[in-house]
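Peer 1:
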Amino acid sequence: MQSGPADQHQSWRGELLQHLLAATGRREEAVRGMRQRSTRSHPHRRWTALPGMRTRQGRAVRALRTHEAGEGEIHWRSDLRSVLLHHPQHHRACPRCNTVTLVASVADDGTLACSSCAGRVSSFVCVECGSEGIRHGKRCYPCAARLAVNELFADGTPARRVALEPLRVRLVHHPEPKSMVLWPKRSASAGILAQILREEIALTHEALDAHLVTQAASLLRYALVDVGALSPRDDGWAGFNLWLDRFLRSQSDEISQLLNPFCRWDVTARTRLMIRRNGLTDGTFDRARGICRSAQRFLAHLHAQNIALLDAPQSVLDYYLQDHPRERESLRNFLRWAAESGHATRITPVPAKWADPSTSYPMHTYREWMNRFETEESIPLRARICGLIAGTTGRPSSTTAKLTRSMIDDTGERMTIQIGRSPFQLRNPLPALIRRQLDEPRRWDTQSDWLFPSKLRAAHTPITAASSTTCRSWAAASSRCEEQRW
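Numbering (this note's numbering), first residue to last: -5 to 480.
#1: Suppose the cutoff is 8 angstroms on Cβ atoms and the five residues either side in sequence are ignored; what does the same chain contact list for Arg399 look like?
#2: Could you say which of Asp149, Ala338, Arg86, Ala384 lies nearest to Leu424 if we only look at CA atoms?
#3: So, are the CB atoms of Ala210 and Val175 less than 8 angstroms apart?
#4: Note down, in chain order, each residue of its chain lying with its Cβ closer than 7 angstroms to the Cβ of Leu253, except the 5 sequence neighbours on either side.
#5: Please state whether the Cβ-Cβ distance between Pro178 and Glu126 is less than 8 angstroms.
#6: Nearest by alpha-carbon distance to Thr265: which of Ile249, Arg287, Phe234 is it?
#7: For the alpha helix (DSSP H) containing Met481, list its first residue and its last residue.
#8: Among Gln189, Cys137, Phe147, Ile301, which has the Cα closest to the Cα of His167?
#9: Going straight from the alpha carbon of Leu311 to that of Thr342, what length do you get?
#10: Cβ atoms of Cys88 and Cys120: under 8 angstroms apart, would you say?
#11: Give me the Cα-Cα distance between Arg340 and Val261, rounded to the nearest whole angstrom.
#12: Check whether the Cβ atoms of Ala338 and Leu304 lie closer than 8 angstroms to each other.
#13: If Leu218 sits next to Leu161, beta carbons under 8 angstroms apart, how far is it from one beta carbon to the other, in whole angstroms?
#14: What residue range is occupied by the uninterrupted alpha helix (DSSP H) comprising Phe234?
#15: Does the beta-carbon distance from Phe367 to Arg378 come in below 8 angstroms?
#16: Determine the extent of the alpha helix (DSSP H) in which Val94 is found, giving its start and end residues.
#17: Phe328 and Ile301 look like a contact to me (Cβ under 8 angstroms); what is the Cβ gap, rounded to whole Å?
#18: Could you tell me if Leu206 is buried or exposed, where buried requires 16 or more neighbouring beta carbons within 10 angstroms of its beta carbon?
#19: Is His337 helix, strand or coil when you go by DSSP?
#20: In chain order, which continuous runs of the beta strand (DSSP E) of length 3 or greater are located wholly inside the region 379 to 442?
#21: Closest by CA to Asp103, which one among Leu96, Arg90, Val115?
#22: Could you pull the start and end residues of the alpha helix (DSSP H) that Phe446 belongs to?
#23: With H, G and I counted as helix, E and B as strand and the rest as coil, what does DSSP make of Ala332?
#24: In whole angstroms, what separates the C-alpha of Glu199 from that of Ile190?
#25: For Ser183 and chain D, any beta-carbon pair shorter than 8 angstroms?
#26: Please classify Val163 as buried or exposed, where buried requires at least 16 neighbouring CB atoms within 10 angstroms.
#27: In chain order, what residues of the same chain lie with their CB nearer than 6 angstroms to the CB of Leu315, ignoring the 5 residues before and after it?
#28: Check the C-beta distance from Phe418 over to Ile411 and give it rounded, since I have them as a contact under 8 angstroms.
#29: Anyone know if the C-beta pair for Phe147 and Arg155 falls short of 8 angstroms?
#30: For Ala107, which beta-bridge partners are listed by DSSP?
#31: Pull the bridge partners of Cys134 from the DSSP assignment, please.
#32: For Thr387 and Pro435, what's the separation of their Cα atoms in angstroms?
#33: Please look up how many angstroms separate the CB atoms of Asp236 and Cys257, rounded, as I've assumed it's under 8 angstroms.
#34: Would you identify the three-state DSSP class for Ala520, choosing helix, strand or coil?
#35: What residues match up with Trp119 in a beta bridge as DSSP calls it?
#36: Given Arg129, which residues of its chain have a CB within under 7 angstroms of its CB, disregarding the five upstream and five downstream residues?
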């Protein structure tokens, strides 16, 4: 007795599910979970056994069949199907044609192959582009992502759609279309973008700054700037100015009368000066915020004691610094500004650190050591290079120890070295000494880029050991200097 088309289709589906369940290693658990979930959510459905599908214990594997379905037509749970088809074993080269594709079709001999080799029509073809792969509904993920993004932009006004067309193109060609399918409906940034498209929010930096969800607005701002929809700006200064506005608005009138000119003029001007002098670092604006907070705390202390800054004696400052010793450094700028502007006539500003007695070496000792490092051949080559770089740049020994060959630019006539943000030219005899160091044969660590290779490759040297070694080198050079002097 020959089987009909429905029976053949049902048998093929059963063989496919049996292969997939065997590949995942969770056959019974997957089917049991599928049956329990379906029973809870769809009590009108009943179970029936499929022919030819049995577990190791001989029990028949069951699948879902609805009352409304026709004979032989199986409705599979989408969650189990997704888990099985996303298994990495099915995205591989076909064992017959070696084409890397979705290997999820059962051939005549019972083995898995691609749909072309199996001679079957694939069930995973996108209705939009015709490509075969894991689908989201009836479409592949790139087509589903394009549809979701287009639906998001369809609600916008014509002017905004034209202005944000580069962003739409960027989203459509996102490298992760699977996540982009859900992004328009789940992301807070997409919600802000929808408001901009409907012109509920202006397409400006100020409108994004005023949004309540700051992180989502910041992420959207980076994308808009990247595609050219918004002009670039200095986010560091913009963030500091926004913080300063909120900080000053939260103060009382008595405190804000003095704090406002100090923060807006003195702190801002000195921060710009420090950036021009030392460059922008991670702690530049943190230091500026700390200075503003320190001034506010001192003014709040005076206000709590009913003392005006103009009439405050020196003893008030001394007692305050005694109770809050960490405020000494950050409060210095405010006290100096108050004294220079006439707001504090009885308080002496806190002296700066550089006003203390110098702890550096005397100039004649420094010159003598530098001369020894330049001319004395008995000093080890590494110690001479480290001593000259430290004496020339003022950098610590830990920075010199991290130098690599890629940081050195040697044209033959001049040599520059990259320490920090900008390179600087080395004066004689450092170029010749560094060339000697580069030409020396390496007994160990021959593959690394370090200027000073170590015996312990890929092992960190404690800073205490490195400091003691450097100190011994300087002490040995100093002792030789003293012996020659006598």
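From the three backbone atoms N, C-alpha and C, an ideal C-beta is built for every residue, glycine too. Note that the coordinates shown come from a computational prediction; the quantities given were computed from them, not determined experimentally.
Peer 2: Inspection of the coordinates gives the following:
#1: Position 405 of the sequence shown holds residue 399. Counting only Cβ-Cβ distances below 8 angstroms, and skipping sequence neighbours, we find Leu432, Asp443, Trp444, Leu445.
#2: Taking the sequence shown and counting its residues from 1, one reaches residue 424 at position 430. The shortest Cα separation from Leu424 among Asp149, Ala338, Arg86, Ala384 belongs to Ala384.
#3: Looking up residue 210 in the sequence shown gives position 216. Looking up residue 175 in the sequence shown gives position 181. No, they are not a contact pair.
#4: Counting from 1 along the sequence shown, the entry for residue 253 is found at position 259. Same-chain partners within the cutoff: Leu242, Gln245, Ala289, Gln290, Leu293.
#5: By one-based count along the sequence shown, residue 178 stands at place 184. By one-based count along the sequence shown, residue 126 stands at place 132. Their beta carbons are not under 8 angstroms apart, which means Pro178 does not touch Glu126 by this criterion.
#6: Position 271 of the sequence shown, counted from the start, is the residue given in the question as residue 265. Residue Phe234 is the option with its Cα nearest to Thr265.
#7: Look at the range of the chain in this structure, -5 to 480, and you will see that residue 481 is not part of it.
#8: If you number the sequence shown from 1, residue 167 lands on position 173. With distances taken between Cα atoms, His167 lies closest to Cys137.
#9: Here residue 311 corresponds to residue number 317 of the sequence shown, with the count starting at 1. Here residue 342 corresponds to residue number 348 of the sequence shown, with the count starting at 1. About 9 angstroms.
#10: What you label residue 120 is simply residue 126 of the sequence shown in a count that begins at 1. What you label residue 88 is simply residue 94 of the sequence shown in a count that begins at 1. Their beta carbons are not under 8 angstroms apart, which means Cys120 does not touch Cys88 by this criterion.
#11: The sequence position of residue 340 within the sequence shown is 346, counting from 1. The sequence position of residue 261 within the sequence shown is 267, counting from 1. Their Cα atoms are separated by approximately 22 angstroms.
#12: Locating residue 338 in the sequence shown gives position 344, counting from the first residue. Locating residue 304 in the sequence shown gives position 310, counting from the first residue. Cβ atoms of Ala338 and Leu304: closer than 8 angstroms.
#13: For the purposes of this step, residue 218 is identified with residue 224 of the sequence shown, where counting begins at 1. For the purposes of this step, residue 161 is identified with residue 167 of the sequence shown, where counting begins at 1. Contact flag correct, Cβ pair sits at about 7 angstroms.
#14: Position 240 of the sequence shown, counted from the first residue, corresponds to residue 234. That run of the alpha helix (DSSP H) goes 229 to 243.
#15: For the purposes of this step, residue 367 is taken as the residue at position 373 of the sequence shown. For the purposes of this step, residue 378 is taken as the residue at position 384 of the sequence shown. Yes, they are a contact pair.
#16: Stepping through the sequence shown from its first residue, residue 94 is reached at position 100. Val94 -> not in any alpha helix (DSSP H); beta strand (DSSP E) instead, spanning 94 to 96.
#17: In the sequence shown, residue 328 corresponds to position 334, counting from 1. In the sequence shown, residue 301 corresponds to position 307, counting from 1. Wrong, their Cβ atoms sit about 16 angstroms apart, outside the cutoff.
#18: On the sequence shown, position 212 is the one that residue 206 refers to. Exposed, since its Cβ has fewer than 16 Cβ neighbours within 10 Å.
#19: Residue mapping note: residue 337 aligns to position 343 of the sequence shown, counting from 1. Coil at His337, not helix or strand.
#20: 402 to 404, 409 to 412, 417 to 419
#21: Along the sequence shown, read from residue 1 onward, the residue named residue 103 stands at position 109. It is Arg90.
#22: Looking up residue 446 in the sequence shown gives position 452. Counting along the chain, Phe446 falls outside any alpha helix (DSSP H), and DSSP gives it neither H nor E.
#23: Counting from 1 along the sequence shown, the entry for residue 332 is found at position 338. Here Ala332 sits in helix by DSSP.
#24: Locating residue 199 in the sequence shown gives position 205, where the first residue counts as 1. Locating residue 190 in the sequence shown gives position 196, where the first residue counts as 1. One detail in the question is off: residue 199 reads as His in this sequence, not Glu. One C-alpha to the other measures close to 12 angstroms.
#25: Judged by its chain identifiers, the structure shown contains no chain D, having just a single protein chain.
#26: Residue 163 sits at position 169 when you count from the first residue of the sequence shown. Exposed.
#27: For the purposes of this step, residue 315 is taken as the residue at position 321 of the sequence shown. These residues qualify, in order along the chain: Arg322.
#28: Counted from its first residue, the sequence shown places residue 418 at position 424. Counted from its first residue, the sequence shown places residue 411 at position 417. Their Cβ separation, rounded to whole angstroms, is 7 angstroms, which keeps Phe418 and Ile411 in contact under 8 angstroms.
#29: Taking the sequence shown and counting its residues from 1, the one referred to as residue 147 is at position 153. Taking the sequence shown and counting its residues from 1, the one referred to as residue 155 is at position 161. Result yes, Cβ atoms of Phe147 and Arg155 sit closer than 8 angstroms.
#30: Within the sequence shown, numbered from 1, the residue matching residue 107 stands at position 113. Looking at the DSSP assignment, Ala107 forms a beta bridge with Ser99.
#31: Taking the first residue of the sequence shown as 1, we reach residue 134 at position 140. Paired residues: Arg129.
#32: For the purposes of this step, residue 387 is identified with residue 393 of the sequence shown, where counting begins at 1. For the purposes of this step, residue 435 is identified with residue 441 of the sequence shown, where counting begins at 1. Computed Cα separation, rounded: 28 angstroms.
#33: Against the sequence shown, residue 236 aligns to sequence position 242. Against the sequence shown, residue 257 aligns to sequence position 263. Per the sequence presented here, residue 236 reads as Leu, with Asp not at that position. Rounded, the Cβ-Cβ distance is 13 angstroms, inconsistent with contact.
#34: There is no way to answer for residue 520, as the model of the chain reaches only from -5 to 480.
#35: Working through the sequence shown from its first residue, we reach residue 119 at position 125. Note that residue 119 is Val in the sequence shown here, rather than Trp. DSSP lists Glu126 as partners of Val119.
#36: To locate residue 129, count along the sequence shown from 1; it is residue 135. Counting only Cβ-Cβ distances below 7 angstroms, and skipping sequence neighbours, we find Phe118, Cys120.
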